[in-house]
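Q: Here you go, one structure.
4 protein chains.
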Amino acid sequence: MPNTASKKKTQVSGGPERRRELLDTAAEVFAAQGYNATTVRKIADAAGMLAGSLYYHFDSKESMLDEILSTFLNELWEGYDAVLGAGLGPRETIEALVTESFREIDRHRAAVAIYQKESQHLVDQPRFGYLVESQRRFEEAWLGTLERGVADGVFRADLDVRLTYRFVRDTVWVAASWYRPGGQHSPEEIARQYLSMVLDGIAVRGPGAGGS
Amino acid sequence: MPNTASKKKTQVSGGPERRRELLDTAAEVFAAQGYNATTVRKIADAAGMLAGSLYYHFDSKESMLDEILSTFLNELWEGYDAVLGAGLGPRETIEALVTESFREIDRHRAAVAIYQKESQHLVDQPRFGYLVESQRRFEEAWLGTLERGVADGVFRADLDVRLTYRFVRDTVWVAASWYRPGGQHSPEEIARQYLSMVLDGIAVRGPGAGGS
Amino acid sequence: MPNTASKKKTQVSGGPERRRELLDTAAEVFAAQGYNATTVRKIADAAGMLAGSLYYHFDSKESMLDEILSTFLNELWEGYDAVLGAGLGPRETIEALVTESFREIDRHRAAVAIYQKESQHLVDQPRFGYLVESQRRFEEAWLGTLERGVADGVFRADLDVRLTYRFVRDTVWVAASWYRPGGQHSPEEIARQYLSMVLDGIAVRGPGAGGS
Amino acid sequence: MPNTASKKKTQVSGGPERRRELLDTAAEVFAAQGYNATTVRKIADAAGMLAGSLYYHFDSKESMLDEILSTFLNELWEGYDAVLGAGLGPRETIEALVTESFREIDRHRAAVAIYQKESQHLVDQPRFGYLVESQRRFEEAWLGTLERGVADGVFRADLDVRLTYRFVRDTVWVAASWYRPGGQHSPEEIARQYLSMVLDGIAVRGPGAGGS
DNA sequence: CATGAATGAGAATTCATTCAT
DNA sequence: GATGAATGAATTCTCATTCAT
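Protein chains in written order, with UniProt numbering: chain A, 1 to 212; chain B, 1 to 212; chain C, 1 to 212; chain D, 1 to 212.
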């Protein structure tokens, strides 16, 4: 949660609409150029105003990043929590998590891309402590589900489960780097194909024996 | 292994040794903090010298990045070309490319991480035109092999082949973000497990029932 | 008159006024210390602001130089073109060009001094290509007029005309190195004396024969 | 006179030949690019050595400049003093000074060009105090001779004599900016033509009518 | 709400100079 | 005498941020 209770301004008037608009613009630029390489002037240009004017709406460039990421993560966890609390089996949970993830990518493509690129070096800053917490819950959710699946015999036991965790996790999220909302595939369709690959592999199975 | 041992100087040697040492140091910092967030002072600190001194060896911060990336890509393509010229079947080619990729990650972890994070916005600059060329050859190699495999009936025909291409490509390379050389798994072992997941999936196959 | 009175701000005005003010200040410092020896900090000091603030108004130190020189040359050529298009005889043209030149020195003393000192090594840079063009037109105007005068019998035929050209040209422009606007001589008066020297020489003519 | 008695090195071996050679090289580069814009590396390049190596021969970049200028001025004053002590009339003295000046330009073109461009802002530095002294003697020599000539009735009395002084002085010395030794005119020939222009003017004199 | 102008803390880079070899 | 590697101070330029209007 980004610094709640800011001293002054912030959310005066013009409503949350304008704020959201500006954040979307900022997110787009951050995603395209990287946070550090993005100047507030570029954001302002993209928003059709001057750099100084942004400071009426936001405390700092960092607080924009903060708000972008925390908004995204809040929504993500709303979705994830719904899935995790639904009492599904391991395989169904994985399927639901992947599908939910692609929906989030569809909705927050820029934020996801920013998260991918920047979270690594943001975790050190106290302000972004919630990223660490999120990563912990992430691992808990995915790794736990995989372990449950191995125990239940629905996921292979011959694989290093941490490696599998990273494999599945990365497989989903890097898609944000090329995904464009409104493209030919819906998030659900992409999720279906990804799941098919991850669960069953890309190799054609011989009639008798599989594996390598 | 970049910059192993000795945090500071061992500048006994003169010529290209020192250069390589410094580049390894720089790559490490770039990978850890991102290119833009890395100041030359940080690199110099890590190398045990003053910021200005780096300019005796390199023209600019950008030229360090350039040399890091081009050196990596040159070595990568040496390996890839050997694989592609070996006359292997599609499945064996994929296996060899993946294995070779993990070996490169093992050898150039920092460079790979940098490539992942920065190449997207470097491609616009003429100086880094070779990145575009490399990406083209990449697609040619991976996508071509996958298509050949589909035609040969060794890879599934029911998947969008471009999606599969991105899936395999990204899945392998993002591993650089968490891989640590000298860890418990050798590159070959990681490659083996990855290939097993990619080719056969992580789901246990029921004796009769397949997919979802 | 550049930067008259008020050492510091009078930044009541907004737009192009301020720009012109700053350029006048910069020109003064460039002329006094040389372009290379002038730091932007010195300019900023003279303008009563911080070095970085100059970059709100100008792209670079070089672009200030550029604007100073091109503004001067534009005005110069306006004056010269008027003279050259007036259909005067060679002697009257030379007289008018010299007079016009001293007026320009009076108005743009700093710019002229900069031009004298710096143009030689600026001509190599593409950005200052207009200097070459200007020099060409310069030669065309002065040399052409002298040649016409020799042909018409109003200028001596026994002198190397290129040497004469350089003599007249230099004679006029070096004055910028010592001329101070507001001094005891008006530009027109200086022009008159210069012309008298250049046209008739400084030697008293013997009653019968002149020359050496 | 440049800082006599330098602490160490300076003039060890290799003789004054090498030293002179290096100074000539440096002078050439200073003249072409300006003192400030000339890096010691450029000088070293032109001399076929590395920048650091110059410090075996000279204390500093400034001391090179110092030695170049003082050597030139010493030689100049040797020549001037010979002229001034010869007991010539005003007109003959001017003629001899101009001729001597063109000879010096021929011999020390680079030094003269440097002197022209840099002396203005060097005079402030104590180290270059001899420039001020030289300028004083200069004025004494030229202005004195002109005044003597006016008194004697050989130079025109209707001209501002200080203006005439600057006119003659500058006109001669700026020639260094375009003069190339070994060109088609010898220094003596150029001197002859210059004197002819300065003394008698460039205008053809009507049989009866004089000036304008 | 937005602008225009400025601030001030770095950033990359340059370069004269030093010095051990 | 010369080299190679470094130093450290200065320089140009960038940019997040402030604030009076």
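Glycine included, every Cβ here is placed at the ideal spot set by N, Cα and C.
Computed from a prediction, not measured in an experiment: that's the story for all the values here.
Using the Cβ count rule (16 or more neighbours within 10 Å means buried), how would you classify B:G211?
A: Counting from 1 along the second sequence, the entry for residue 211 of chain B is found at position 211. Note that B:G211 scores 43 on pLDDT, short of 50, meaning its location in the model is unreliable; the coordinates nonetheless yield the value given after this. Per the 10 Å Cβ criterion, exposed.
Q: So, at 6 angstroms on beta carbons, what are the nonlocal neighbours of B:A31 in its own chain, with the 5 sequence-adjacent residues on each side left out?
A: Reading the second sequence from its first residue, position 31 is the one you call residue 31 of chain B. Around B:A31: A110, A113, I114.
Q: Residues of chain C with CB under 7 angstroms from D:L159, in chain order?
A: Counting from one through the fourth sequence, the residue named residue 159 of chain D turns up at place 159. Going along chain C in sequence order, the residues near D:L159 (Cβ under 7 angstroms) are Q193, S196, M197, I202.
Q: On the DSSP letters alone, give me the boundaries of the alpha helix (DSSP H) that C:T99 sits inside.
A: Along the third sequence, read from residue 1 onward, the residue named residue 99 of chain C stands at position 99. In this chain, the alpha helix (DSSP H) harbouring C:T99 covers 90 to 107.
Q: Which two residues bound the contiguous alpha helix (DSSP H) that contains A:V172?
A: On the first sequence, position 172 is the one that residue 172 of chain A refers to. Its alpha helix (DSSP H) spans residues 161 to 173.
Q: Taking all protein chains shown into account, do 16 or more other C-beta atoms lie within 10 angstroms of the C-beta of A:T39, making it buried, or fewer, making it exposed?
A: Taking the first residue of the first sequence as 1, we reach residue 39 of chain A at position 39. Burial state of A:T39 is exposed, judged by a 10 Å Cβ sphere holding fewer than 16 other Cβ atoms.
Q: Taking the C-alpha atoms as reference points, what is the distance between B:A203 and A:L22?
A: Position 203 of the second sequence, counted from the start, is the residue given in the question as residue 203 of chain B. Position 22 of the first sequence, counted from the start, is the residue given in the question as residue 22 of chain A. So the two alpha carbons sit approximately 43 angstroms from each other.
Q: State buried or exposed for D:L84, treating a residue as buried only when at least 16 other CB atoms are found within 10 Å of its CB.
A: For this step, residue 84 of chain D is matched to residue 84 along the fourth sequence. Result: buried.
Q: Using a 10 Å radius around the Cβ and a threshold of 16 neighbouring Cβ atoms, would you call A:E189 buried or exposed?
A: Numbered from 1 along the first sequence, position 189 holds the residue referred to as residue 189 of chain A. Result: exposed.
Q: Taking a cut of 7 angstroms between CB atoms, which residues from the segment 129 to 160 of chain B lie near chain A?
A: G153, V154, F155, R156, L159, D160
Q: First and last residue of the alpha helix (DSSP H) that includes C:Y27?
A: As a first step, residue 27 of chain C is located in the third sequence; it is residue number 27 there, counting from the start. Before going further, note that residue 27 of chain C is Ala rather than Tyr in the sequence given. Judged by DSSP secondary structure, C:A27 falls within the alpha helix (DSSP H) whose first and last residues are 15 to 33.
Q: Counting C-beta neighbours from all protein chains within 10 Å, is the total for B:L50 16 or more, i.e. buried, or is it exposed?
A: Taking the first residue of the second sequence as 1, we reach residue 50 of chain B at position 50. Exposed, because fewer than 16 other Cβ atoms sit within 10 Å of the Cβ of B:L50.
Q: Quick one: is B:Y35 buried, meaning 16 or more other Cβ sit within 10 Å of its Cβ, or exposed?
A: By one-based count along the second sequence, residue 35 of chain B stands at place 35. Buried is the call here.
Q: Looking at the secondary structure, which residues open and close the alpha helix (DSSP H) in which D:N74 lies?
A: By 1-based counting over the fourth sequence, the position of residue 74 of chain D is 74. Its alpha helix (DSSP H) spans residues 61 to 84.
Q: Where does A:F155 sit, in a helix, a strand or coil, going by DSSP?
A: In the first sequence, the residue the question calls residue 155 of chain A occupies position 155. Collapsing the DSSP output to three states places A:F155 in a strand.
Q: Report the rounded CA-to-CA distance for C:V29 versus C:K42, giving the unit in angstroms.
A: The sequence position of residue 29 of chain C within the third sequence is 29, counting from 1. The sequence position of residue 42 of chain C within the third sequence is 42, counting from 1. Distance between the alpha carbons of C:V29 and C:K42 is about 8 angstroms.
Q: Which first and last residues belong to the alpha helix (DSSP H) in which C:Q193 is found?
A: Taking the third sequence and counting its residues from 1, the one referred to as residue 193 of chain C is at position 193. Note, C:Q193: alpha helix (DSSP H), 187 to 200.
Q: Taking all protein chains shown into account, decide if A:P90 is buried (16 or more other Cβ within 10 angstroms of its Cβ) or exposed.
A: The residue given as residue 90 of chain A occupies position 90 in the first sequence. Per the 10 Å Cβ criterion, buried.
Q: Please check if any C-beta of chain B sits within less than 8 angstroms of the C-beta of A:H121.
A: Taking the first residue of the first sequence as position 1, residue 121 of chain A is located at position 121. Answer yes: the Cβ-Cβ gap between A:H121 and chain B drops below 8 angstroms somewhere.
Q: Is DSSP giving A:A113 helix, strand or coil here?
A: In the first sequence, residue 113 of chain A corresponds to position 113, counting from 1. In this structure, A:A113 counts as helix in the three-state DSSP scheme.
Q: Roughly how far, in whole angstroms, is the beta-carbon of C:L54 from the beta-carbon of C:A46, given that I think they are within contact range, below 8 angstroms?
A: The sequence position of residue 54 of chain C within the third sequence is 54, counting from 1. The sequence position of residue 46 of chain C within the third sequence is 46, counting from 1. Actually they are not in contact, since the Cβ atoms of C:L54 and C:A46 sit about 11 angstroms apart, beyond 8 angstroms.
Q: Quick one: residues in its chain with C-beta nearer than 6 angstroms to the C-beta of C:G52, no 5 flanking neighbours on either side, listed in chain order?
A: Within the third sequence, residue 52 of chain C is the residue found at index 52, counting from 1. No residues qualify anywhere along the chain.
Q: Got a sec: does the ligand NAD put a non-hydrogen atom nearer than 7 angstroms to the Cβ of A:A175?
A: Here there are no bound small molecules, and the ligand NAD is not part of this structure.
Q: Classify B:A51 as helix, strand or coil using the three-state DSSP reduction.
A: Against the second sequence, residue 51 of chain B aligns to sequence position 51. Correct three-state label for B:A51: helix.
Q: Tell me whether the beta-carbon of A:S101 lies closer than 8 angstroms to the beta-carbon of A:V172.
A: Residue numbering aside, residue 101 of chain A sits at position 101 when the first sequence is read from its first letter. Residue numbering aside, residue 172 of chain A sits at position 172 when the first sequence is read from its first letter. Going by C-beta atoms, A:S101 is nearer than 8 angstroms to A:V172.
Q: Cα separation between A:A197 and B:V198?
A: On the first sequence, position 197 is the one that residue 197 of chain A refers to. On the second sequence, position 198 is the one that residue 198 of chain B refers to. Per the sequence shown, residue 197 of chain A should be read as Met rather than Ala. Between A:M197 and B:V198, the C-alpha separation is close to 7 angstroms.
Q: Using alpha carbons as the reference points, say which of D:Q116, D:V98, D:W77 lies closest to D:R137.
A: Here residue 137 of chain D refers to the residue found at position 137 when the fourth sequence is read from its first residue. Looking at the Cα atoms, D:W77 is the closest of the given residues.
Q: Using a Cβ cut-off of 7 angstroms, pull out every chain A residue sitting near B:N36, in sequence order please.
A: The count along the second sequence starts at 1 and reaches residue 36 of chain B at position 36. Near B:N36 (Cβ distances below 7 angstroms), the residues of chain A are G34, N36, A37.
Q: Could you check which residue in D:A86, D:E17, D:E75, D:L146 has the C-alpha nearest to that of D:F167?
A: Reading the fourth sequence from its first residue, position 167 is the one you call residue 167 of chain D. The alpha carbon of D:F167 has as its nearest neighbour, out of D:A86, D:E17, D:E75, D:L146, the alpha carbon of D:L146.
Q: Using 10 angstroms around the beta-carbon of D:R156, count the other beta-carbons present and answer buried if the total reaches 16, otherwise exposed.
A: Against the fourth sequence, residue 156 of chain D aligns to sequence position 156. D:R156 comes out buried.
Q: Please confirm if C:F30 has its CB atom under 8 angstroms from at least one CB of chain D.
A: If you number the third sequence from 1, residue 30 of chain C lands on position 30. So no, C:F30 is outside the interface.
Q: Would you mind working out which of C:R20, C:R19, C:G182, C:I94 sits nearest C:R169, comparing C-alpha positions?
A: Numbered from 1 along the third sequence, position 169 holds the residue referred to as residue 169 of chain C. For C:R169, the nearest C-alpha among the options comes from C:I94.
Q: Taking Cβ to Cβ, would you say D:Q116 is nearer than 8 angstroms to D:V174?
A: Position 116 of the fourth sequence, counted from the first residue, corresponds to residue 116 of chain D. Position 174 of the fourth sequence, counted from the first residue, corresponds to residue 174 of chain D. It is a contact, given that the beta carbons lie within the stated cut-off.
Q: Using a Cβ-Cβ distance under 8 angstroms, would B:K117 count as near chain A?
A: Along the second sequence, read from residue 1 onward, the residue named residue 117 of chain B stands at position 117. Answer yes: the Cβ-Cβ gap between B:K117 and chain A drops below 8 angstroms somewhere.
Q: Do we get a CB-CB distance below 8 angstroms when we pair A:V174 with the residues of chain B?
A: Here residue 174 of chain A refers to the residue found at position 174 of the first sequence. Chain B, which has a Cβ nearer than 8 angstroms to the Cβ of A:V174, makes this yes.
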